[in-house]
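Residue numbers (this note's numbering): 47 to 321.
Glycine included, each C-beta is placed from N, C-alpha and C at the ideal position.
Report on one structure; see the data block that follows.
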Ligand SMILES: [Zn+2]
Ligand SMILES: [Zn+2]
């Protein structure tokens, strides 16, 4: 198992690049909305933010998720091992609970004003495609990764469950942000269990009320369970506006503005989106 920890960063990178390539090609062949010009400055900004974020995470955290799971295993931390369940059952429970934690964390990012200042960078993208999945303020993971590591240790999730969850989460992040056309029947079947691009696009609506819906990352059932589910955007997928109404296009396109925005006086910051 220890071999995995040495390769954790490489596995993430390969999944990110492979998933990105597949979704980018899918977007070009079968776009859900008007095709968005590929590459260009917006892509540079969004990809650049992920590079910056990776540097911050690398400097701030001595271990990533699998490392935290190995740490918990070595020291006997966490509630799951106490139940002494069969390994397969424990794996499934850990996977599902990690996604529930991701849901709760995402709802917090919207509801706690200083967290929303960071997370709104993700929502400030005036377009919606696979690079939106890469657009996060580099300070946001100082909160989200720390929370995620704490949850892994508190659960005592197995390294294998964590690796599986992280891998699926990376691919799902790219898929759900894709400007990709999913056949309607397939979308209907998928969204019974998992988040689809149409579901997560509602969350990127310029209407604050719609942005306060569909927090789910992998499983779609948390939003239904906790009353934050919205099946479709009010204006339809082709016509809906994505992004933030109070962010000008030149601001959303400026790396300097994006990096400084969370620390600017509050007059430039919208309230956390209501539910
Ligand atoms: Zn959000
Ligand atoms: Zn998103």
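{"Asked": "I'd like to confirm something about residue 250: is its beta-carbon nearer than 7 angstroms to some heavy atom of ligand 2, or not?", "Found": "yes"}
{"Asked": "If we call anything under 8 angstroms between Cβ atoms a contact, is residue 209 one with residue 112?", "Found": "yes"}
{"Asked": "Tell me, to the nearest whole angstrom, how far the beta carbon of residue 200 is from that of residue 124; I am working on the premise that it is less than 8 angstroms.", "Found": "6 angstroms"}
{"Asked": "Excluding the five sequence neighbours on either side, which residues of its own chain have a C-beta within less than 6 angstroms of the C-beta of residue 275, listed in chain order?", "Found": "269"}
{"Asked": "Should residue 160 be labelled buried (16 or more other beta-carbon atoms within 10 Å of its own) or exposed?", "Found": "exposed"}
{"Asked": "Would you say the beta carbon of residue 178 comes nearer than 7 angstroms to a heavy atom of ligand 2?", "Found": "yes"}
{"Asked": "Sorted by chain position, which residues of the same chain lie with C-beta nearer than 6 angstroms to residue 167's C-beta, five sequence neighbours on each side aside?", "Found": "183, 304"}
{"Asked": "Between the Cα of residue 287 and those of 247, 242, 308, 100, spot the shortest distance and give me the residue it belongs to.", "Found": "247"}
{"Asked": "So, under 8 angstroms CB-CB, residue 154 and residue 211 are touching, yes? Tell me the CB distance rounded to an integer number of Å.", "Found": "About 19 angstroms separates the two Cβ atoms, so there is no contact after all."}
{"Asked": "Classify residue 226 as helix, strand or coil using the three-state DSSP reduction.", "Found": "strand"}
{"Asked": "Just reading off the alpha helix (DSSP H) that residue 194 is part of, what are its end residues?", "Found": "186 to 201"}
{"Asked": "Go to residue 96, then tell me how far its alpha helix (DSSP H) extends in each direction, as first and last residue.", "Found": "86 to 106"}
{"Asked": "CB of residue 275 to nearest heavy atom of ligand 2: below 7 angstroms?", "Found": "no"}
{"Asked": "Please work out which residues of its chain come closer than 8 angstroms, Cβ to Cβ, to residue 228, disregarding the five sequence neighbours upstream and downstream, and give them in chain order.", "Found": "78, 236, 242, 243, 244"}
{"Asked": "Beta carbon of residue 281: closer than 7 angstroms to some heavy atom of ligand 2?", "Found": "no"}
{"Asked": "For residue 310, does the count of other Cβ atoms within 10 angstroms reach 16, so buried, or fall short, so exposed?", "Found": "exposed"}
{"Asked": "Would the beta-carbon of residue 156 be found less than 7 angstroms away from any heavy atom of ligand 2?", "Found": "no"}
{"Asked": "Quick one: does the C-beta of residue 169 sit closer than 7 angstroms to a heavy atom of ligand 1?", "Found": "yes"}
{"Asked": "With distances taken from CA atoms, which of 292, 300, 206, 252 is nearest residue 281?", "Found": "252"}
{"Asked": "Which residue marks the beginning of the alpha helix (DSSP H) containing residue 132, and which one marks its end?", "Found": "Neither: residue 132 is in no alpha helix (DSSP H) and is coded neither H nor E."}
{"Asked": "Tell me the DSSP bridge mates of residue 77?", "Found": "226"}
{"Asked": "Counting pairs of beta carbons, one from the stretch 67 to 74 and one from the stretch 213 to 229, are three or more of them closer than 8 angstroms?", "Found": "yes"}
{"Asked": "On a CA-only basis, which of 137, 97, 255 is nearest residue 115? Give me that one, please.", "Found": "137"}
{"Asked": "Run the proximity test for residue 223: is its beta-carbon closer than 7 angstroms to any non-hydrogen atom belonging to ligand 2?", "Found": "yes"}
{"Asked": "Starting from residue 117, trace the alpha helix (DSSP H) in both directions and tell me its first and last residue.", "Found": "111 to 121"}
{"Asked": "Please state whether DSSP places residue 139 in a helix, a strand or coil.", "Found": "helix"}
{"Asked": "With a threshold of 7 angstroms, establish whether the CB of residue 165 neighbours any heavy atom of ligand 1.", "Found": "yes"}
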